[in-house]
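Take a look at the structure below.
Protein chains: 4
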Amino acid sequence: MDKAERRQALLRAARTVFSEKGYHEAKVDDIVALAKVAKGTFYLYFPDKRSVFGELVRGLFSRLGGAILRVDPSADVEAQVKHNIRAIVAVLLDDPALTSILLSHAAGLDPAFVKELRAFRQEVKLLLQQSLAEGQRLGVIEPGDTELYATFTIGALKEVLFENALEEQARPRERIVTALHDFLRRGYLRMDPAAGLAARGPEGERAAPATGDAPGEAPERVSPSRGRRARSRGD
Amino acid sequence: MDKAERRQALLRAARTVFSEKGYHEAKVDDIVALAKVAKGTFYLYFPDKRSVFGELVRGLFSRLGGAILRVDPSADVEAQVKHNIRAIVAVLLDDPALTSILLSHAAGLDPAFVKELRAFRQEVKLLLQQSLAEGQRLGVIEPGDTELYATFTIGALKEVLFENALEEQARPRERIVTALHDFLRRGYLRMDPAAGLAARGPEGERAAPATGDAPGEAPERVSPSRGRRARSRGD
Amino acid sequence: MDKAERRQALLRAARTVFSEKGYHEAKVDDIVALAKVAKGTFYLYFPDKRSVFGELVRGLFSRLGGAILRVDPSADVEAQVKHNIRAIVAVLLDDPALTSILLSHAAGLDPAFVKELRAFRQEVKLLLQQSLAEGQRLGVIEPGDTELYATFTIGALKEVLFENALEEQARPRERIVTALHDFLRRGYLRMDPAAGLAARGPEGERAAPATGDAPGEAPERVSPSRGRRARSRGD
Amino acid sequence: MDKAERRQALLRAARTVFSEKGYHEAKVDDIVALAKVAKGTFYLYFPDKRSVFGELVRGLFSRLGGAILRVDPSADVEAQVKHNIRAIVAVLLDDPALTSILLSHAAGLDPAFVKELRAFRQEVKLLLQQSLAEGQRLGVIEPGDTELYATFTIGALKEVLFENALEEQARPRERIVTALHDFLRRGYLRMDPAAGLAARGPEGERAAPATGDAPGEAPERVSPSRGRRARSRGD
DNA sequence: GATGAATGAGCTTTCATTCAT
DNA sequence: AATGAATGAAAGCTCATTCAT
Numbered sequence: 001m002d003k004a005e006r007r008q009a010l011l012r013a014a015r016t017v018f019s020e021k022g023y024h025e026a027k028v029d030d031i032v033a034l035a036k037v038a039k040g041t042f043y044l045y046f047p048d049k050r051s052v053f054g055e056l057v058r059g060l061f062s063r064l065g066g067a068i069l070r071v072d073p074s075a076d077v078e079a080q081v082k083h084n085i086r087a088i089v090a091v092l093l094d095d096p097a098l099t100s101i102l103l104s105h106a107a108g109l110d111p112a113f114v115k116e117l118r119a120f121r122q123e124v125k126l127l128l129q130q131s132l133a134e135g136q137r138l139g140v141i142e143p144g145d146t147e148l149y150a151t152f153t154i155g156a157l158k159e160v161l162f163e164n165a166l167e168e169q170a171r172p173r174e175r176i177v178t179a180l181h182d183f184l185r186r187g188y189l190r191m192d193p194a195a196g197l198a199a200r201g202p203e204g205e206r207a208a209p210a211t212g213d214a215p216g217e218a219p220e221r222v223s224p225s226r227g228r229r230a231r232s233r234g235d
Numbered sequence: 001m002d003k004a005e006r007r008q009a010l011l012r013a014a015r016t017v018f019s020e021k022g023y024h025e026a027k028v029d030d031i032v033a034l035a036k037v038a039k040g041t042f043y044l045y046f047p048d049k050r051s052v053f054g055e056l057v058r059g060l061f062s063r064l065g066g067a068i069l070r071v072d073p074s075a076d077v078e079a080q081v082k083h084n085i086r087a088i089v090a091v092l093l094d095d096p097a098l099t100s101i102l103l104s105h106a107a108g109l110d111p112a113f114v115k116e117l118r119a120f121r122q123e124v125k126l127l128l129q130q131s132l133a134e135g136q137r138l139g140v141i142e143p144g145d146t147e148l149y150a151t152f153t154i155g156a157l158k159e160v161l162f163e164n165a166l167e168e169q170a171r172p173r174e175r176i177v178t179a180l181h182d183f184l185r186r187g188y189l190r191m192d193p194a195a196g197l198a199a200r201g202p203e204g205e206r207a208a209p210a211t212g213d214a215p216g217e218a219p220e221r222v223s224p225s226r227g228r229r230a231r232s233r234g235d
Numbered sequence: 001m002d003k004a005e006r007r008q009a010l011l012r013a014a015r016t017v018f019s020e021k022g023y024h025e026a027k028v029d030d031i032v033a034l035a036k037v038a039k040g041t042f043y044l045y046f047p048d049k050r051s052v053f054g055e056l057v058r059g060l061f062s063r064l065g066g067a068i069l070r071v072d073p074s075a076d077v078e079a080q081v082k083h084n085i086r087a088i089v090a091v092l093l094d095d096p097a098l099t100s101i102l103l104s105h106a107a108g109l110d111p112a113f114v115k116e117l118r119a120f121r122q123e124v125k126l127l128l129q130q131s132l133a134e135g136q137r138l139g140v141i142e143p144g145d146t147e148l149y150a151t152f153t154i155g156a157l158k159e160v161l162f163e164n165a166l167e168e169q170a171r172p173r174e175r176i177v178t179a180l181h182d183f184l185r186r187g188y189l190r191m192d193p194a195a196g197l198a199a200r201g202p203e204g205e206r207a208a209p210a211t212g213d214a215p216g217e218a219p220e221r222v223s224p225s226r227g228r229r230a231r232s233r234g235d
Numbered sequence: 001m002d003k004a005e006r007r008q009a010l011l012r013a014a015r016t017v018f019s020e021k022g023y024h025e026a027k028v029d030d031i032v033a034l035a036k037v038a039k040g041t042f043y044l045y046f047p048d049k050r051s052v053f054g055e056l057v058r059g060l061f062s063r064l065g066g067a068i069l070r071v072d073p074s075a076d077v078e079a080q081v082k083h084n085i086r087a088i089v090a091v092l093l094d095d096p097a098l099t100s101i102l103l104s105h106a107a108g109l110d111p112a113f114v115k116e117l118r119a120f121r122q123e124v125k126l127l128l129q130q131s132l133a134e135g136q137r138l139g140v141i142e143p144g145d146t147e148l149y150a151t152f153t154i155g156a157l158k159e160v161l162f163e164n165a166l167e168e169q170a171r172p173r174e175r176i177v178t179a180l181h182d183f184l185r186r187g188y189l190r191m192d193p194a195a196g197l198a199a200r201g202p203e204g205e206r207a208a209p210a211t212g213d214a215p216g217e218a219p220e221r222v223s224p225s226r227g228r229r230a231r232s233r234g235d
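Protein chains in written order, with full-length UniProt numbering: chain L, 1 to 235; chain P, 1 to 235; chain H, 1 to 235; chain U, 1 to 235.
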């Protein structure tokens with residue numbers, strides 16, 4: 001096994017372990033055990049634990065960066081949007097292990113690394129936001145707060161991919177793409193603009209109290225049941 | 001200071017420390033220092049570090065559970081939806097510290113606890129999904145995959161709240177509520193059904209290749225810049 | 001490059017590295033890097049790290065042994081003494097790297113090796129002591145404790161060479177030789193036996209208390225200033 | 001056992017272990033084993049291994065600094081010199097363990113600490129040198145290179161104390177003081193200035209070759225015997 | 001109840017040494 | 001002979017948890 005292969009093997013092992021246990025619970029011992037090398041070997045290929053993690057995340061970043069196209073408003077916008085959705089989904093679905101690291105386990109690292117993660121998030125968001133603003137000028141995007149739209153979009157996308165990474169759902173890729181696209185295009189709440197308003201009558205946009213309940217009724221509340229946590233040790 | 005107060009003081013301190021440092025970087029020493037009690041005292045009120053964390057999270061859950069109403073399809077659906085959005089936003093915005101823990105730092109805990117978190121997520125999602133299905137029967141929800149709709153919705157909501165918890169954005173609460181509601185109601189992609197179809201012509205929903213690019217063009221790619229990670233020590 | 005050359009190259013590299021970093025900080029990696037051979041090659045020529053060190057030290061020993069002459073009391077003693085001083089100085093000044101190892105870095109080795117170093121020191125000292133005793137019989141050495149005289153002499157010599165090895169001082173060799181010789185011949189405290197006693201009056205050799213101060217005065221004390229130690233890592 | 005006692009116990013244990021094994025070979029495990037506490041306890045009292053060592057050395061420094069008096073040339077110089085010798089000897093003989101650390105094991109520490117040690121050495125030396133220069137003006141010190149005199153003196157003193165620390169010699173304190181004082185006062189080489197020159201005749205200060213031997217004779221060489229070093233492991 | 005000193009398992013990282021090529 | 005990748009025993013240090021006072 002040559003150096004590059006060994007390095008790959010270690011990266012693969014690290015990816016698996018990180019995604020299963022999260023950064024802190026992943027021990028170098030776990031990684032080398034999975035890669036079937038001695039502990040010292042790990043440090044022949046990476047200067048420390050953090051750097052493997054960083055390398056994995058950065059690899060995912062650059063694959064994402066390589067997949068996303070800046071939307072050209074003079075061409076077919078819808079197709080481009082769909083392409084981007086599809087490309088992002090493809091990259092992340094292809095690497096559920098890393099995706100789940102990125103989306104949920106990335107905490108507690110050193111501040112500089114966390115900063116890097118955030119910077120990436122903001123970059124992606126800014127890009128999306130600018131595309132939406134451009135789209136508004138062209139009349140293909142609804143008026144409204146483009147920043148919030150960007151946030152919602154990213155959130156929706158992340159959640160789908162996160163579920164997938166958790167292996168709770170293994171949805172056909174194209175179904176995700178289509179559904180997300182539809183969702184972004186028309187939402188799902190069908191409040192017939194005319195009929196709706198008419199039907200609801202004058203009470204209109206009655207603001208429900210932010211906390212507390214609507215008075216005079218005993219609405220059914222949702223109470224999450226309690227699970228039990230197991231004992232092990234330490235931290 | 002009586003028992004209950006002391007307990008509250010510890011919980012408050014723990015919440016602050018957890019949200020500032022994440023679960024692993026938060027040391028019991030930090031918590032007791034902030035609460036101004038001795039280390040041993042901590043263990044008089046909680047069996048271990050994990051359990052404080054669990055208690056905090058469960059508290060947030062139950063506040064959420066208490067705020068969400070099961071949608072009654074015979075009454076004003078839109079108002080109820082908006083109420084729910086508003087209620088969830090209210091609970092989570094009121095406790096950004098815990099929210100950020102929940103959304104990003106919750107990794108690396110023992111499997112049983114992670115399971116509990118997941119169970120809660122699924123419960124919430126199932127509830128939403130059922131409401132959406134009911135809504136479809138009543139014609140107030142677009143046809144489509146209710147599960148994906150639920151996922152998208154939760155993701156959009158999470159992301160907005162996450163940004164808030166990160167203090168990147170401090171948006172007026174009602175603006176979030178309204179924007180999210182609008183977003184769910186009509187999306188933002190305006191592809192005029194008639195014009196759009198006409199414009200796109202017969203090729204219809206041409207599937208762009210999932211990976212790889214459209215041929216014959218050199219589209220602008222997005223390349224996230226690289227940050228540097230700092231050295232500190234160890235893990 | 002033949003075997004002997006390679007061996008020499010390794011010894012030279014080791015000497016440099018040991019003298020720059022001390023035994024423990026000197027890594028086998030440093031040595032082979034400087035010698036431009038592979039790590040495994042090192043172990044082809046030496047059984048282990050310690051043995052290179054031992055060989056270097058032993059080489060210095062034997063050069064010293066070869067330089068020192070047993071003083072023949074029937075010949076010109078002073079010249080012989082001076083010769084010996086000169087010879088020792090020559091050997092050690094020619095190899096400041098090794099000298100500094102020997103004088104300051106030689107700690108923390110395995111007990112057997114330390115024993116060997118001590119044995120050498122004692123041998124040299126015994127030799128000197130015997131010469132001094134002989135000299136006393138011949139009337140060319142002051143009466144007094146020859147063992148202490150030997151110790152003082154060795155110490156004075158070591159210190160001068162040590163300073164040189166530290167590169168704090170680069171003194172002309174002959175000046176060292178002459179000064180040391182003068183020092184050994186007459187010391188430097190000039191307490192004119194007659195005048196001195198007269199001047200000091202009857203109190204004579206008042207013994208100052210070994211610890212504590214002479215009463216009734218507040219003599220100026222010497223207080224070394226404090227430096228700060230830097231943080232690096234580990235050991 | 002209260003905090004101060006425990007701290008002392010750890011310092012004592014560290015002193016013993018350091019002086020027996022040198023800094024690098026002394027393991028924190030050794031220290032805590034000797035002090036009969038758990039490893040963690042060590043770190044309750046000292047931030048790291050280096051700092052105990054530093055504290056020990058600094059303690060010795062300050063005891064030395066406290067013992068040495070700046071020589072007042074208007075008073076009885078000889079007595080003051082003797083006092084200083086006596087004081088230094090007292091401090092160092094009282095703590096042979098630390099003395100041996102200071103004199104031989106102090107290598108391989110982090111550069112900043114080594115610098116501190118050197119600074120102390122230079123301070124002491126400078127003090128002595130200045131006193132000697134002053135003495136020369138007053139006619140109580142022989143003309144000559146005061147810096148070399150200072151170096152010789154320190155070396156002689158160190159060596160005596162070092163031997164003592166090694167437990168090779170347990171000499172009565174006052175004998176050391178007297179012998180050193182005598183040594184400094186008149187050396188030991190008795191070359192009767194007048195007779196000597198006459199006796200030696202015209203050959204005077206014939207310079208023996210710096211290396212190589214006087215020709216025409218086969219002088220007896222000193223060859224240190226070889227010891228054997230034992231095998232253990234590693235470094 | 002409250003305290004905080006003591007504990008020790010466990011972690012990351014280093015590096016002398018080995019050995020297949 | 002030469003190489004350099006692989007090894008794994010140790011080391012320093014951390015911190016959740018315990019327990020005598």
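Note that the Cβ used here is the ideal one computed from N, Cα and C, for glycine as well.
Cβ pair residue i, residue j closer than 9 Å
i	j	result
L:R15	L:L93	no
U:I101	U:F53	yes
P:V140	P:V77	yes
U:L127	U:R58	no
Rounded distance between the beta-carbons of residue j and residue i, thought under 8 Å
i	j	result
P:F183	L:L180	P:F183 to L:L180, Cβ: 13 Å. No contact.
Which listed residue (the options) has its alpha carbon closest to that of residue i
i	options	result
U:V160	U:G65, U:Q136 and U:I88	U:I88
L:R63	L:V177, L:F120 and L:S131	L:F120
H:S131	H:G66, H:F162, H:G40 and H:S74	H:S74
P:D95	P:R185, P:S51, P:E20 and P:T178	P:E20
L:E147	P:E142, P:A150, P:Y149 and P:N164	P:N164
P:G66	P:A33, P:K82, P:V91 and P:Y45	P:V91
Sequence-distant residues of its chain with Cβ nearer than 8 Å to residue i (five each side left out)
i	result
P:R118	none
L:L56	L11, A14, R15, F18, L98 and I101
P:D29	K39
P:V177	K82, I85, R86 and V89
Residue i at chain U interface by Cβ criterion, 9 Å
i	result
H:E134	no
H:F183	yes
H:I176	yes
Min CB distance residue i to chain P below 9 Å
i	result
L:T151	yes
L:D145	yes
L:I141	yes
Test: residue i CB closer than 9 Å to a CB of chain L
i	result
P:V160	yes
P:A214	Only weak support exists for where P:A214 lies, its pLDDT of 39 falling under 50; the value from the coordinates is given anyway. It does: the Cβ of P:A214 has a partner Cβ on chain L nearer than 9 Å.
Chain-order list of residues whose beta-carbon lies under 7 Å from that of residue i (same chain, five-residue window excluded)
i	result
H:K3	none
U:A33	none
Contacts around residue i, its chain only, beta-carbon distance under 6 Å, and the 5 residues preceding and following it disregarded
i	result
H:A210	For H:A210, the predicted structure reports a pLDDT of 38, less than 50, and the residue's modelled location is therefore unreliable. A value from the coordinates is still provided. Excluding sequence neighbours, H:A210 sits near nothing in its chain.
Residue-level contact to chain H via CB, residue i, 9 Å cutoff
i	result
U:R15	no
U:L148	yes
U:R186	yes
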